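Heads up: the sequence shown begins at 0 in numbering that gives the first Met the number 0, then just goes up one per residue.
Note that beta-carbon positions come from the ideal geometry of N, C-alpha and C, so glycine has one too.
Predicted model only: the values in this text are computed from it and were never measured.
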Amino acid sequence: MSIVIYIVYTMKKLLNCRALFVLVILIQFCWLPVRALDIYVSSTGNDAWDGKTAIHNNNAGPLATLQRAFFIAIKSDPQLANGEAINIFIMDSKYLIASPVKLSAVNQSFFIHTLTIKPYKIPTVTFTGSIAFNDISSSKLPLNNIKFDEVFTDNSLKNYVRSPKTSFFTLTNFETKKTGTGLYNNKQLFYYDPEQVNKAIGLSDLKSGHFGIIIYANWTYCYRKIDSINFKTHVLYTTGLNNSDYSPWKKGVRFKLVSLSSASIANADASVLSQYFNVSPNNGPIYIPVNDRIFDIAGSALNKIKNIRFENITFEHFGYRYTDQSIDPNPSAFTENGAIMINFTDNVVFNKCTFKGIAKSAIWYYKSNSNVSVTNCTFNNMGAGSVKVGSPGSENDTKILNNKVNIDNNKITNSGLVVPAANPIFVVNGNNISISNNSINKAEYSAIGIGWGYGTIPNILSNVTISKNRIENIGTGLLDDLGGIYTLGMMENVVISNNIVRNLKFNSYGSWGIYIDQGSKNITVTNNIVDHCQSAGYMQNRCQNITVTNNIFANNTGGQVQFGNFKDNISLKFANNVLYQENNNPTNINWNSTFIQSDYNAYLTQNKPGNQLNKLSRTATAATSGAISTDKDLHSKREQVSSKVNMSSLNIDRASNNFKQIDTTKVGYQ
Numbered sequence: 000m001s002i003v004i005y006i007v008y009t010m011k012k013l014l015n016c017r018a019l020f021v022l023v024i025l026i027q028f029c030w031l032p033v034r035a036l037d038i039y040v041s042s043t044g045n046d047a048w049d050g051k052t053a054i055h056n057n058n059a060g061p062l063a064t065l066q067r068a069f070f071i072a073i074k075s076d077p078q079l080a081n082g083e084a085i086n087i088f089i090m091d092s093k094y095l096i097a098s099p100v101k102l103s104a105v106n107q108s109f110f111i112h113t114l115t116i117k118p119y120k121i122p123t124v125t126f127t128g129s130i131a132f133n134d135i136s137s138s139k140l141p142l143n144n145i146k147f148d149e150v151f152t153d154n155s156l157k158n159y160v161r162s163p164k165t166s167f168f169t170l171t172n173f174e175t176k177k178t179g180t181g182l183y184n185n186k187q188l189f190y191y192d193p194e195q196v197n198k199a200i201g202l203s204d205l206k207s208g209h210f211g212i213i214i215y216a217n218w219t220y221c222y223r224k225i226d227s228i229n230f231k232t233h234v235l236y237t238t239g240l241n242n243s244d245y246s247p248w249k250k251g252v253r254f255k256l257v258s259l260s261s262a263s264i265a266n267a268d269a270s271v272l273s274q275y276f277n278v279s280p281n282n283g284p285i286y287i288p289v290n291d292r293i294f295d296i297a298g299s300a301l302n303k304i305k306n307i308r309f310e311n312i313t314f315e316h317f318g319y320r321y322t323d324q325s326i327d328p329n330p331s332a333f334t335e336n337g338a339i340m341i342n343f344t345d346n347v348v349f350n351k352c353t354f355k356g357i358a359k360s361a362i363w364y365y366k367s368n369s370n371v372s373v374t375n376c377t378f379n380n381m382g383a384g385s386v387k388v389g390s391p392g393s394e395n396d397t398k399i400l401n402n403k404v405n406i407d408n409n410k411i412t413n414s415g416l417v418v419p420a421a422n423p424i425f426v427v428n429g430n431n432i433s434i435s436n437n438s439i440n441k442a443e444y445s446a447i448g449i450g451w452g453y454g455t456i457p458n459i460l461s462n463v464t465i466s467k468n469r470i471e472n473i474g475t476g477l478l479d480d481l482g483g484i485y486t487l488g489m490m491e492n493v494v495i496s497n498n499i500v501r502n503l504k505f506n507s508y509g510s511w512g513i514y515i516d517q518g519s520k521n522i523t524v525t526n527n528i529v530d531h532c533q534s535a536g537y538m539q540n541r542c543q544n545i546t547v548t549n550n551i552f553a554n555n556t557g558g559q560v561q562f563g564n565f566k567d568n569i570s571l572k573f574a575n576n577v578l579y580q581e582n583n584n585p586t587n588i589n590w591n592s593t594f595i596q597s598d599y600n601a602y603l604t605q606n607k608p609g610n611q612l613n614k615l616s617r618t619a620t621a622a623t624s625g626a627i628s629t630d631k632d633l634h635s636k637r638e639q640v641s642s643k644v645n646m647s648s649l650n651i652d653r654a655s656n657n658f659k660q661i662d663t664t665k666v667g668y669q
C-alpha cells in the first residue's frame with residue numbers, strides 16, 4: 000500500500016481530485032486476483048439449485064450432476080471477461096457417474112475460458128462407475144437387473160471365469176459358411192475335442208449352461224457368444240466377422256470357454272459371484288459396474304470444444320458389456336469406444352489423474368483433436384489400453400487427423416485384462432505426436448504401437464517422437480508377433496530414442512524389443528537399450544530408409560537383430576551399436592543382404608566353451624581375424640570377454656570408439 004500512497008502523492012500536482020480518485024480505484028483493481036466462475040457439484044445437491052455456492056440456501060447450492068454443471072458453464076462462458084476461468088468443483092470424495100456425461104457442440108464453439116474439473120477442498124476426487132458392497136456373504140445384492148461382465152476389488156479386475164483356468168483348449172478343425180453378402184454374414188464352426196472339453200467343464204454343465212468362446216490366434220483375440228452346440232459332431236456354432244487371412248482360425252488354434260449367467264445377474268449373491276467371477280467374501284469390498292462410459296466430448300468440424308482440464312481426479316471401476324455381442328478379431332486396432340471419447344476438440348488435457356479398473360480403453364482422442372495431452376497420470380488394471388489416438392480406417396483424410404498430442408510421464412501397469420490385443424499406448428494416425436517418459440509394465444501385447452495400416456494402405460502419421468520410455472514385462476505368452484515398441488504401416492519421420500525395453504515373451508513366435516514392420520520408412524532408432532526379449536532386440540520387415548545407431552542389444556534369446564522379408568527392405572544404416580550375447584553368438588542373422596550398411600559396431604560374447612563369434616551369416620563358421628565381413632563392418636569390434644558383462648560395462652567400456660554413453664537416469668515415469 001506504500002506504493003499506492005507514493006503514487007497518489009506524486010500525482011496530486013498533476014491531477015484534480017476526480018482524476019485522482021479514478022487512479023486510486025484503477026491501481027487497487029489491478030491488484031485483485033483473477034476472477035473465476037465457480038460451479039459446485041455434490042451427490043447431495045440438486046439440479047434445480049444455481050450451483051454457485053457450496054452450501055445450500057434457498058435456491059442457492061451445489062448441483063447434483065456434472066451434466067447440469069456443463070450446461071451452466073456453456074451458458075456463462077460468453078459472458079465472462081478476458082482472463083476469467085471456470086471451475087467445476089466436485090465436493091464428494093467419491094462421486095458416482097451412472098451414465099455417460101455428454102458434451103456436444105453443434106451451434107456454437109466453447110469454451111473461450113479454461114474450464115477445470117477438480118476436487119473441492121480435498122486432495123482428489125474419485126469418479127466411479129460401480130456400486131460398492133462391503134459384505135456379500137449373506138444377502139442378495141439389489142442390482143435392479145443390471146448386467147455386468149466384470150467385478151472389481153480394490154486391487155483387481157475379475158472377468159467371467161474362463162475354462163480351462165491355466166491352459167487352453169485347441170481346435171480340432173474349423174469351417175466357415177456364408178449366410179449373406181455382408182462381412183458379418185458368416186457362420187463359424189469351431190470343432191472341439193470332447194474329451195478335452197468335457198473333462199474341464201462337464202457334459203451336463205455344457206448342455207445346461209450359456210457359454211461364450213474366446214479365440215487366441217497369433218496376435219488377434221476374439222470373443223463370440225455361442226449360438227448352439229452340436230454334441231454329436233462336437234461343434235460350437237457362432238456368427239459374425241471372420242478372422243483375417245493373416246491370422247486364420249484353424250486346427251490347433253487355442254481357445255477358452257466362458258460360462259455366462261443366464262441373462263443378467265439380478266440380485267446376485269455370494270454364490271453367484273463365486274461361480275461366475277471367482278469372488279469370495281474374503282476379497283473385501285466388491286464393486287459391481289453399472290456404467291461403462293464416463294465422458295463423451297464431441298465438438299464438430301465448425302464448432303470445436305476447447306480448453307477443458309481434468310486435474311487430480313481418479314476414475315475407477317467402469318465396466319465393459321460385451322458378452323451379449325462380440326469382440327471382433329481386431330488386433331491393436333480394437334474399435335470399441337473408450338470410456339472417455341474425445342472428438343473435434345482443442346486443448347483438452349488430463350493431468351495428475353488416476354485410472355484404475357477401467358474395463359475398456361480409458362482415453363481415446365478419436366478425430367480432429369489438437370493441442371491435447373495426458374501427463375503425470377497413472378493407469379492400473381486396464382481391461383484394454385490407456386491412451387489411444389486416431390481413427391482406424393480413415394486412411395488419408397486430413398480433416399480428421401489429430402495434431403500436437405503429448406503423452407508424457409505416465410505410469411501404466413497391468414493392461415489388456417479384458418481385451419489382451421489392445422496396446423497401453425496406441426497411435427493410429429496424426430501429426431506431431433510425442434510419447435515420452437512413460438513407464439509401461441505388464442501388458443499382454445505391444446506396449447507402444449503406432450500406425451496399423453498394413454503395407455502400403457494409405458495412412459498419415461508423421462513427426463512422431465518415442466523417447467525415454469521404460470518398457471518391461473510385455474507379453475505373458477498369450478499372443479504372438481508383438482513388440483515393446485511396434486511400428487506398422489505408412490509413416491514418416493519417426494524417432495525412437497533413449498528407451499529401455501526388456502523382458503518380452505510370446506506364445507509360439509515373435510516378441511521383439513523394437514519392431515519396425517511393413518510400410519514404415521524414414522525412422523531413426525538411436526540410444527536405446529533392449530535386453531532379455533524372447534526373440535530379438537530389433538526386428539525389421541519390409542521397410543525403407545531406417546537408421547539404427549548407438550543402441551545396446553543384449554541377451555535377447557533369439558539373437559540381437561533379426562530381419563523379415565529382405566525383398567522389400569530398402570536401405571538400413573546400422574552403425575555404432577553394441578550387440579552382446581552371454582551364452583551364444585550375438586548375431587544369428589543373415590547379414591549378407593546388400594541393403595545393410597553396417598560398420599563401427601561392437602559384437603561381444605562371453606568366453607565360454609562352444610561360444611564363437613561367427614561371421615555375420617546364418618552359417619556357423621569359425622571366428623576369423625580382421626574384418627567381420629568382407630563388404631561391411633570393416634571397422635567393427637568383436638571380442639570374447641572373460642566374464643559376464645553388466646549393462647554399465649556395455650555402456651562405457653565395450654563399445655566402439657564412436658559409441659556415446661546412454662543416459663538412463665531419467666527414463667520412464669518420474
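In the three-state reduction of the DSSP assignment, Q605 falls in the strand class. Nearest to K117 by C-alpha distance, out of I135, V234, Y39, D323, is Y39. The C-alpha of N56 is placed about 12 Å away from the C-alpha of N45.
Here T548 is buried. Its C-beta has 16 or more other C-beta atoms within 10 Å.
Taking L240 as reference, the option from Y599, K410, Y183 with the minimal CA-CA separation is Y183.
With a cut-off of 8 Å on Cβ pairs, the region 414-432 is in contact with the region 375-387, counting three or more such pairs. In the DSSP annotation of this structure, the continuous segment of the beta strand (DSSP E) that includes S461 starts and ends at 460-466. Within the model, the alpha-carbon separation for N521 versus T546 is close to 8 Å. A contact is defined here as three or more CB-CB pairs under 8 Å, and the region 510-524 meets this definition with respect to the region 482-500. By the Cβ-count criterion, Q669 is exposed, with fewer than 16 other Cβ atoms from all chains shown falling within 10 Å of its own Cβ. For N197, the enclosing alpha helix (DSSP H) has its first and last residue at 193-200. For D479, the secondary structure class from DSSP, reduced to helix, strand or coil, is coil. For the pair E310 and K351, the CB atoms are nearer than the 8 Å cut-off.
A535 is positioned such that its CB atom lies no closer than 8 Å to that of V500. Per DSSP, Q66 is one residue of the alpha helix (DSSP H) stretching across 65-75. Around I456, the same chain offers no residue with a beta carbon nearer than 6 Å, after the five sequence neighbours per side are excluded.
The beta carbon of N506 is closer than 7 Å to those of G476, L477, L478, D479 in its chain, skipping five residues each way along the sequence. Straight-line spacing of the CA atoms in Y159 and K303 works out to 40 Å.
Under the DSSP assignment, S414 falls in the beta strand (DSSP E) whose first and last residues are 410-414. Around K224, the same chain offers G211 as residues with beta carbons nearer than 6 Å, after the five sequence neighbours per side are excluded.
Judged by DSSP secondary structure, Y220 falls within the beta strand (DSSP E) whose first and last residues are 219-224. Y190 and V418 have their C-alpha atoms spaced approximately 24 Å apart. Annotated three-state conformation of V417 is coil, per DSSP. Two segments are said to touch when three or more pairs of C-beta atoms, one from each, lie closer than 8 Å; by this definition the region 343-357 does not touch the region 270-283. Inclusion of F88 and D37 in the CB contact set at 8 Å is warranted, their separation being smaller than that value. When C-alpha distances from N600 are compared across G563, I551, T664, the shortest belongs to I551.
The beta strand (DSSP E) runs lying completely inside the region 260-316 and spanning 3 residues or more are 285-288, 294-297, 304-310, given in chain order.
When the alpha-carbon of G251 is set against those of N217, T313, I465, the nearest one is in N217. Membership of W451 in any beta strand (DSSP E) is not indicated, and neither H nor E is assigned to it by DSSP. When beta bridges are read from the DSSP output, A442 appears opposite S414, I473. The beta-carbon distance between S519 and T486, rounded to whole angstroms, is 5 Å. This is short enough to meet the 8 Å contact definition. Distance from the Cα of Q543 is smallest, within the candidate group I528, S570, C532, for S570. The beta carbon of S75 lies closer than 8 Å to those of L36, I85 in the same chain, with the five residues before and after it left out.
When secondary structure is reduced to three states using DSSP, K636 falls in the strand class.
If you look at A216, you'll find it in the beta strand (DSSP E) that goes 209-216. One Cα belongs to N413, the other to S445, and the distance between them is close to 12 Å.
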